[in-house]
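Be aware that the first sequence starts at 78, since it is given in the numbering used here, and climbs by one per residue.
Have a look at the structure below before the remarks.
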Amino acid sequence: MQDRYDPQAVERDAQAFWQAHGSFRSTEPKAGEPAGPKFYCLSMFPYPSGKLHMGHVRNYTIGDVLTRYYRMRGYNVLQPMGWDAFGLPAENAAMANRVPPAKWTYDNIAYMKAQLRSLGFALDWERELATCRPEYYRWNQWLFTRLFRKGLAYKKTGVVNWDPVDQTVLANEQVIDGRGWRTGAPVEKREIPMYFLRITAYAEELLGALDHLPGWPEQVKLMQKNWIGRSEGVRVGFPYELENRRQVLWVFTTRADTLMGATFCAVAAEHPIASFASRKNPQLKAFVEECRRGPTMEADLAQIEKKGMPTGLYATHPLSGEQIPIWVANYVLMGYGEGAVMAVPAHDERDFEFALKYGLPIRPVIRHPLGDGVPAPWKPEYAEYGVCINSGPYDGLAYQDAVDRIANDLNAKNLGEKQVQWRLRDWGISRQRYWGCPIPIVHCPHCGDVPVPDEQLPVVLPEDLVPDGTGNPLAKLPAFYETDCPSCGRAARRETDTMDTFVDSSWYFARFACPGSDAAMVDARASYWMPVDQYIGGIEHAILHLLYSRFFQRVMRDEGLMPGVSEPFTNLLTQGMVLAESYYLDTPEGRREWINPAEVIVQRDSKGRILSAKTAEGKEVTYDGIGTMSKSKNNGVDPQALIDRYGADTARFFTIFASPPTNTLEWSDEGVEGSYRFLRRLWDFGFRFSRAECAAAFDRKIRYQVHAELKKANDDIERQKFNTVASACMKILNALEALPEWDATSKEGLSILLRMLAPIAPHLCHQLWRELGFGEDVMRAPWPEPDPAALAQDEVQYVVQVNGRTRGSVSVPAGSSEEQTASLAISAVSKYIADKPVRRKIVIPGRLVNLVI
RNA sequence: GCCCGGAUGGCGAAAUGGGUAGCCGCAGGGGACUUAAAAUCCCCAGGCCGCAAGGCCGUGCUGGUUCGAAUCCAGCUCCGGGCACCA
């Protein structure tokens, strides 16, 4: 064998072996054929942005460690890979380079695929898919038409960001400080017709099923619960008159017990009442206009100054009959609930501040821990539950009784009933963009919206267009949109909106199970592989992608595909984000030019604080803190340099060793060197072993260390703490190097170490396993188990504490009683006890004795 | 603003159910080998006081529970993720 570790040669040979043996091809067992239990291991597929970034390397290395581990454990493992290939960056690149998004995307896929191959991932490439291929997205379209016929897909208006100069819809990301990113024009809100998927029809099931997902992190389940947001409350009607006709303003409240304290109502700027009232009121009209120019994003909306204006209309309080004013307020959202709220200033913080600002009455109706009054400033206690006061017939009732009685009384007047309200909203999937899956609808002047029939699917997206930033090029292409109505045959217009790319990624996991299925979205093979046993991806997907996938799995189930499979992912590992620092230069035009951290020279003080940051040319740059690696901040670290220099195994080992998978990882190039050193040291050890004569005996102490590390590593790998598994590999090598001579411990230890390390650094372990004569293929070797005999000990070390302070340690023969252990402990620390009586002896078996004096 | 996380040496981290805080590494210091460099090997290393023996302090902050708290509880601070058109 080679005396020096040459990662390029080792990796080339190992990859050639896997290729020649089809080592990672996965097959469904044929009838009667023996197969281990199946294990479907899936990492979130990448967007082909150009090059792999560190987050990809981390994600796919974690998935590969699990894949190879379960293979060695004897499972029938599937690990596929594909491309989330539609999306906005391709259009941006197209505009910048005058290249069609399709070409840019396919080029990126080719490059990134080569990178993935060079990392040696155990992927079944025969199942590769790209969502921008018609054979994939035709099934998006097929499913959409099914949902459309069932009423689970429907059309209504939705709010978008509108750039008045480019005459185009902007993504949230393209709105910077309220202005269009290319034009700098103030962005307006615009309501346009869109298609929605009725995810709310599954809200109850999506929520309830979270309690039966033990393999998901509590954190993610909690986020999803709060996002779905089930609340029980009362729908309350406030009658009012509009042009002499009786109308009812409906609101939803979870605090119906405070209804007697409602002193006004507030509606969203888009509410019909607001439009009606502003017709005769120019000031109100101006205010509604102002709200219209405001932000669409909830994060921005929640932080703007709360403003309002009276409509001049009054509503009748449904129980007291009192007339209360109706206001328009910028904090009421049209998209949530009824687009209107009842305001109880005494017991709601936002209403309290609004009432103070505009001099509206504040009427306390709940006894709270601080008393009956609600003097300013606001105190959180005002919002706590308590018995009703100043509430007429409801005085003295506690929360639940009050809600029940009030709901009953409202019901009797036809002005309310109990209601379950969801925070979750239906999913708007229409995008006014080119590079996406066409929505399969034809708009016919006679027949309305007609879904494209199955035999005309797919509606193929032309791949040669170049967008110019002024709207969707499909809408300018008669060859695309001019068509005949599938229903009546007369001239009609094809829908030119495309689907949200989250649709593509909501079912790809099922498609991997049955590549080439051209008669159905998924075939019977999906029922073998699904659900995914282990899904791995970034925590940033904790809500949207994972919730949409859970929704789609149920929709597919209800279409008769994969019967009985409701949850797509049995176990979920949310890896932490890879973070990096970001720096920018202020350009003369007042924009920020983001400088890659690799090109910034930073000087730090002894505590690591930044003293100065400059470009290579000496220009001062501004430090913008640490955050997720993103294209927009140009702070991505390219892993390729690392792979070229040290090889894939070092890159893999380092990403695993650096921190536990769920931690965020602040990237630094330092530290990689140590991983390389370890692999080289292991190779050297193997080389020397290959030429050594081994004695037959075991070194009992070192053998104990090896098996103790193995035992811990086996626990850790099941707990998905892979960093300590990597650490255990290092400790075993340290122990083996400390052996005074080559003996049976060396051989057994190496065979354990190579198998333990194989999932993390597969190339090197593959090669050493063969060179040292352990076998043909380490991936087919059994996973090592510790030998109980090696772990048996005659004596146990106890820590001795006095009053909780560590004062020494003592060696106790195995099997000693607590009394014997305690007396040994007392003699070990006698100088700390002197003549004071020992009042309490706490003995923790196998660990510690605490003496209380 | 709301929801969810996190914080341990100069740095990444370890400590599996409350039981020796800092394993394993990185960076650093000292030494060996070498004409030299690289590579490799050995030693040191949380902070403060001390020649040493040893002592005191120490897991973001302030309190609490406990024989014993990085770990549990309450209240904060700062950082990260998400907030529905980035993916």
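Backbone N, C-alpha and C fix where the C-beta goes; we use that ideal spot for every residue, glycine too.
Could you please give the first and the last residue of the uninterrupted alpha helix (DSSP H) stretch that includes Lys-298?
Mapped onto the first sequence, residue 298 falls at position 221. Taken as a continuous stretch (DSSP letters only), the alpha helix (DSSP H) holding Lys-298 covers 295-305.
Which whole runs of the beta strand (DSSP E) in the stretch 452-523 are 3 residues long or more, in chain order? Scanning the stretch 452-523 from its first residue to its last, the whole beta strand (DSSP E) runs of 3-plus residues come out as 493-499, 518-521.
Exercise. Give the DSSP-derived three-state secondary structure of Cys-118 in the structure shown.
Key: Indexing the first sequence from 1 puts residue 118 at position 41. Secondary structure at Cys-118: strand, using DSSP grouped into helix, strand and coil.
Q. Less than 9 angstroms separating the beta-carbons of Arg-370 and Lys-298?
A. Position 293 of the first sequence, counting from 1, holds the residue named residue 370. Position 221 of the first sequence, counting from 1, holds the residue named residue 298. Cβ atoms of Arg-370 and Lys-298: not closer than 9 angstroms.
- Helix, strand or coil at Gly-416 [DSSP, three-state]: Looking up residue 416 in the first sequence gives position 339. Taken through DSSP and simplified to helix, strand or coil, Gly-416 comes out as coil.
Grab the span of the alpha helix (DSSP H) containing Gly-140 for me, first residue to last.
As a working mapping, residue 140 is identified with position 63 in the first sequence. In the DSSP assignment, Gly-140 falls within the alpha helix (DSSP H) that extends over 131-149.
Discussion item. With distance defined between alpha-carbon atoms, name the residue in Leu-816, Lys-190, Lys-788 nearest to Ala-774.
Written reply: To locate residue 774, count along the first sequence from 1; it is residue 697. Nearest C-alpha to Ala-774: Leu-816.
- Message: Using DSSP's beta-bridge definition, name the partner residues of Pro-861.
- Response: The residue you call residue 861 lines up with position 784 of the first sequence. Among the bridge pairs identified by DSSP, Pro-861 is matched with none.
| task | Determine contact between the stretch 824-844 and the stretch 858-865, defined as no fewer than three beta-carbon pairs at a distance below 8 angstroms. | result | By the criterion of at least three beta-carbon pairs nearer than 8 angstroms, the stretch 824-844 is in contact with the stretch 858-865.
Original post:
What residues in its chain sit with their C-beta under 6 angstroms from that of Pro-515, if we drop five residues either side in the sequence?
Top reply: Taking the first sequence and counting its residues from 1, one reaches residue 515 at position 438. Val-536, Leu-538, Thr-575.
For Pro-530 and Thr-260, what's the separation of their Cα atoms in angstroms? Taking the first sequence and counting its residues from 1, the one referred to as residue 530 is at position 453. Taking the first sequence and counting its residues from 1, the one referred to as residue 260 is at position 183. Taken atom to atom, the span from the alpha-carbon of Pro-530 to that of Thr-260 is near 41 angstroms.
inquiry  = Does Lys-128 come out as helix, strand or coil in the three-state DSSP assignment?
reply    = Numbered from 1 along the first sequence, position 51 holds the residue referred to as residue 128. DSSP places Lys-128 in coil when its eight states are reduced to three.
* Where Leu-719 and Ser-195 are concerned, what is the direct C-alpha to C-alpha distance, given to the nearest angstrom? -> Locating residue 719 in the first sequence gives position 642, where the first residue counts as 1. Locating residue 195 in the first sequence gives position 118, where the first residue counts as 1. Those two C-alpha atoms are separated by around 12 angstroms.
**Request:** Report the residue from Pro-738, Arg-758, Glu-825 whose alpha carbon sits nearest the alpha carbon of Glu-795.
**Result:** Position 718 of the first sequence, counted from the first residue, corresponds to residue 795. Nearest option by C-alpha distance: Pro-738.
Q.
Please state the DSSP three-state secondary structure of Pro-166.
A. Here the question's residue 166 lines up with position 89 in the first sequence. Three-state result, Pro-166: helix.
Taking the C-alpha atoms as reference points, what is the distance between Trp-606 and Phe-116?
As a position in the first sequence, residue 606 is number 529, starting the count at 1. As a position in the first sequence, residue 116 is number 39, starting the count at 1. About 8 angstroms.
> Would you call Lys-908 buried or exposed, if buried means 16 or more other Cβ atoms sit within 10 Å of its Cβ?
Replying inline: Mapped onto the first sequence, residue 908 falls at position 831. Counting C-beta atoms within 10 angstroms of its own C-beta, Lys-908 has fewer than 16 neighbours from the protein chains shown and is therefore classed as exposed.
Okay, do the stretch 634-654 and the stretch 130-145 touch, 3+ Cβ pairs below 8 angstroms being the bar? Contact annotation: the stretch 634-654 touches the stretch 130-145, with at least three C-beta pairs closer than 8 angstroms.
Mark Asp-581 as exposed unless 16 or more other C-beta atoms lie within 10 angstroms of its C-beta, in which case mark it buried. Position 504 of the first sequence holds residue 581. Counting Cβ neighbours within 10 Å, Asp-581 comes out buried, since at least 16 surround it.
Taking one C-beta from the stretch 160-168 and one from the stretch 180-188 each time, how about it: are there three or more such pairs within less than 8 angstroms?
Three or more beta-carbon pairs separated by less than 8 angstroms link the stretch 160-168 to the stretch 180-188, which places the two stretches in contact.
With a floor of 3 residues, list each beta strand (DSSP E) that falls wholly inside the stretch 644-722, ordered by position along the chain.
Here the runs fully enclosed are 646-652, 655-663, 669-672, 677-681, 687-692, 699-705.
Quiz item: Terminal residues of the continuous alpha helix (DSSP H) containing Asp-610?
Solution: Counting from 1 along the first sequence, the entry for residue 610 is found at position 533. DSSP places Asp-610 outside any alpha helix (DSSP H); the residue lies instead in the beta strand (DSSP E), whose first and last residues are 609-615.
By the 10 Å Cβ neighbour count, where 16 or more other Cβ atoms means buried, how is Ala-805 classified, buried or exposed? Taking the first sequence and counting its residues from 1, one reaches residue 805 at position 728. With 16 or more other Cβ atoms within 10 Å, it is buried.
In the DSSP assignment, what are the bridge partners of Cys-342? In the first sequence, the residue the question calls residue 342 occupies position 265. DSSP, once it has assigned bridges, lists Ile-403, Met-419 as partnering Cys-342.
Q. Just the Cα atoms here: how many angstroms apart are Trp-239 and Val-264?
A. Within the first sequence, numbered from 1, the residue matching residue 239 stands at position 162. Within the first sequence, numbered from 1, the residue matching residue 264 stands at position 187. One C-alpha to the other measures close to 6 angstroms.
**Q.** Local conformation of Ser-308 per DSSP, three classes
**A.** Taking the first residue of the first sequence as 1, we reach residue 308 at position 231. Strand.
query = By how many angstroms is the C-alpha of Glu-814 removed from the C-alpha of Val-879?
reply = Residue 879 sits at position 802 when you count from the first residue of the first sequence. Residue 814 sits at position 737 when you count from the first residue of the first sequence. For Val-879 and Glu-814, the distance between alpha carbons rounds to 38 angstroms.
Segments of 3+ residues assigned as beta strand (DSSP E) that fall wholly inside the stretch 251-290: Counting whole runs of 3 or more residues, the stretch 251-290 contains the beta strand (DSSP E) stretches 265-274.
Return the residue from the list Val-889, Gln-797, Val-926, Ala-891 that minimises the CA-CA distance to Tyr-147.
Within the first sequence, residue 147 is the residue found at index 70, counting from 1. Nearest of Val-889, Gln-797, Val-926, Ala-891 to Tyr-147, Cα basis: Gln-797.
Thr-883 - DSSP class collapsed to helix/strand/coil: Along the first sequence, one-based indexing puts residue 883 at 806. Of the three classes helix, strand and coil, the one that applies to Thr-883 here is strand, per DSSP.
Please classify Ile-809 as buried or exposed, where buried requires at least 16 other C-beta atoms within 10 Å of its C-beta. As a working mapping, residue 809 is identified with position 732 in the first sequence. Sixteen is the threshold: when 16 or more other Cβ atoms of the shown chains lie within 10 Å of the Cβ of Ile-809, as they do, the residue is buried.
The stretch 284-293 in contact with the stretch 201-216 per 3-pair CB rule at 8 angstroms: Contact between the stretch 284-293 and the stretch 201-216 is absent, with fewer than three C-beta pairs closer than 8 angstroms.
| query | Would Thr-234 pass as a contact of Met-271 if the rule is Cβ separation under 9 angstroms? | reply | On the first sequence, residue 234 is found 157 positions in, with the first residue counted as 1. On the first sequence, residue 271 is found 194 positions in, with the first residue counted as 1. The answer is yes: Cβ separation under 9 angstroms.
(request) Look at Ile-443 and Val-311 and say whether their C-beta atoms are less than 9 angstroms apart. (result) As a first step, residue 443 is located in the first sequence; it is residue number 366 there, counting from the start. As a first step, residue 311 is located in the first sequence; it is residue number 234 there, counting from the start. No, these two residues do not count as a Cβ contact at 9 angstroms.
- Task: State the Cα-Cα distance for the pair Val-68 and Tyr-476, rounded to the nearest angstrom.
- Result: Here the chain has residues from 78 to 930 only, and residue 68 is not among them.
Using the three-state DSSP reduction, which class does Val-325 fall into: helix, strand or coil?
Numbered from 1 along the first sequence, position 248 holds the residue referred to as residue 325. Three-state result, Val-325: strand.
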